[in-house]
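Residue numbers (this note's numbering): 115 to 386. All C-beta atoms in this analysis are idealised placements derived from N, C-alpha and C, irrespective of residue type, glycine included. Computed from a predicted structure; not experimentally measured.
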C-alpha cells in the first residue's frame with residue numbers, strides 16, 4: 115500500500131512540476147487567450163457588459179479551462195501575471211469594440227482580481243498603465259474581488275478600494291454569500307455590486323432545494339437594494355431561473371442560458 119501511495123505521490127509531483135514549467139513557458143509565449151461571457155440586463159435583456167475569462171491554448175493538451183491550471187498557477191505564484199495578461203487583453207478588446215461601434219461607452223468588462231494580485235505593491239500602477247494604453251475610462255472596467263480576499267487584507271483593503279473608486283473602476287464582490295460571514299464590511303468599503311454565487315442560482319427550479327436558495331437569493335438582492343448596490347447572478351442555465359431572478363429583482367445575469375464564454379470575434383457577433 116505504501117509503495118502504491120508513494121508512486122501516486124511521485125506521479126502527482128512530476129505532473130505538478132511539469133504544469134508549472136508549462137505555465138511559465140505559456141506566459142512567456144503568450145499562449146493564454148481571453149474568452150468573453152455576455153452579461154445581460156435582466157430588465158431589458160440586452161447585453162451591457164461581459165466577463166473576461168482566461169483559457170490556455172496548451173501546445174499538447176489543447177484548450178484548457180481555468181480550473182485545469184489556475185490552482186497550480188496560484189501555488190507557483192504566477193496568478194498575478196496571468197491576471198495582468200487577461201486585464202491587458204480585455205481592456206484592449208473593449209477599446210476595439212468601442213472604435214468599431216460594437217458597444218456603447220457604458221459597456222464594461224469584468225475581470226477577476228486574485229488575492230495575490232490584490233496585495234501587489236504595483237497593482238494601482240499596473241491598472242493605470244493598462245487603462246492608459248487601452249485608452250478606456252475606468253467605468254469600463256469592473257474588478258471582481260472575493261469577500262475573503264478583502265477581509266484577509268482588511269488593513270490595506272480600504273485604501274486599495276478607495277484608490278480604485280477614485281479611478282471610477284466598478285468594484286464587485288465575487289461569489290457573494292459563500293465567504294466571510296460578517297456583512298458589516300459592506301458599509302466600510304466602497305463596493306458597487308454583489309455577484310450572487312452560482313450555487314444559489316443552480317438550485318432554482320429544484321423543488322427540494324429551491325425554497326432555501328430562493329430565500330437566500332432574495333435576501334442578497336434585498337440587501338443590495340438597501341445598500342444601493344447592483345446584483346449580478348451567475349450560472350443562469352434555464353428560462354425558469356431567469357424568470358425567477360427577474361421576479362426577485364436581480365439586475366444582471368450571465369450563464370449558458372444566454373451564452374457560453376466566446377472568443378472576441380464571436381462575442382462581437384453576439385452583441386450585434
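Inter-residue spacing [alpha-carbon to alpha-carbon] between residue i and residue j
| i | j | result |
| --- | --- | --- |
| residue 157 | residue 360 | 7 angstroms |
| residue 322 | residue 242 | For residue 322, the pLDDT reaches just 46, beneath the cut-off of 50, and the residue's location in the model is therefore unreliable, although a value from the coordinates is still provided. Each residue's alpha carbon lies about 48 angstroms from the other. |
| residue 340 | residue 272 | 21 angstroms |
| residue 284 | residue 130 | 36 angstroms |
| residue 309 | residue 126 | 34 angstroms |
| residue 179 | residue 196 | 13 angstroms |
| residue 383 | residue 205 | 18 angstroms |
| residue 254 | residue 208 | 8 angstroms |
| residue 348 | residue 376 | 16 angstroms |
| residue 343 | residue 174 | 44 angstroms |
| residue 336 | residue 281 | 28 angstroms |
| residue 248 | residue 385 | 20 angstroms |
| residue 300 | residue 333 | 15 angstroms |
| residue 227 | residue 252 | 15 angstroms |
| residue 316 | residue 201 | 28 angstroms |
| residue 233 | residue 267 | 8 angstroms |
| residue 331 | residue 318 | 9 angstroms |
Proximity to residue i [Cα-Cα], best of the options
| i | options | result |
| --- | --- | --- |
| residue 146 | 132, 176 and 129 | 176 |
| residue 171 | 139, 379, 338 and 152 | 139 |
| residue 362 | 349, 372, 290 and 338 | 338 |
| residue 186 | 136, 210 and 174 | 136 |
| residue 143 | 183, 179 and 199 | 199 |
| residue 378 | 281, 312 and 210 | 210 |
| residue 307 | 204, 367, 287 and 298 | 287 |
| residue 159 | 374, 333 and 364 | 364 |
| residue 259 | 244, 305, 316 and 191 | 305 |
| residue 374 | 252, 150 and 266 | 150 |
| residue 356 | 312, 141 and 181 | 312 |
Paired residues, beta bridge with residue i - DSSP
| i | result |
| --- | --- |
| residue 153 | 163 |
| residue 345 | 308 |
| residue 366 | 155 and 346 |
| residue 224 | 165 and 256 |
| residue 290 | 310 |
| residue 172 | 176 |
| residue 273 | Looking at the DSSP assignment, residue 273 forms no beta bridge with any residue, so it has no partner. |
| residue 285 | 257 |
Contact belief for residue i with residue j at Cβ below 8 angstroms, rounded distance in angstroms
| i | j | result |
| --- | --- | --- |
| residue 351 | residue 369 | 5 angstroms |
| residue 366 | residue 153 | 5 angstroms |
| residue 261 | residue 290 | 7 angstroms |
| residue 132 | residue 193 | Residue 132 to residue 193, Cβ: 18 angstroms. No contact. |
| residue 257 | residue 225 | 6 angstroms |
If we count Cβ pairs, one from each stretch, closer than 8 angstroms, do we get three or more for the region 210–223 versus the region 158–166?
Touching, per the Cβ criterion.
Could you check whether the region 232–241 touches the region 277–291, counting it as contact only if at least three pairs of C-beta atoms, one from each stretch, sit closer than 8 angstroms?
Yes, the region 232–241 is in contact with the region 277–291.
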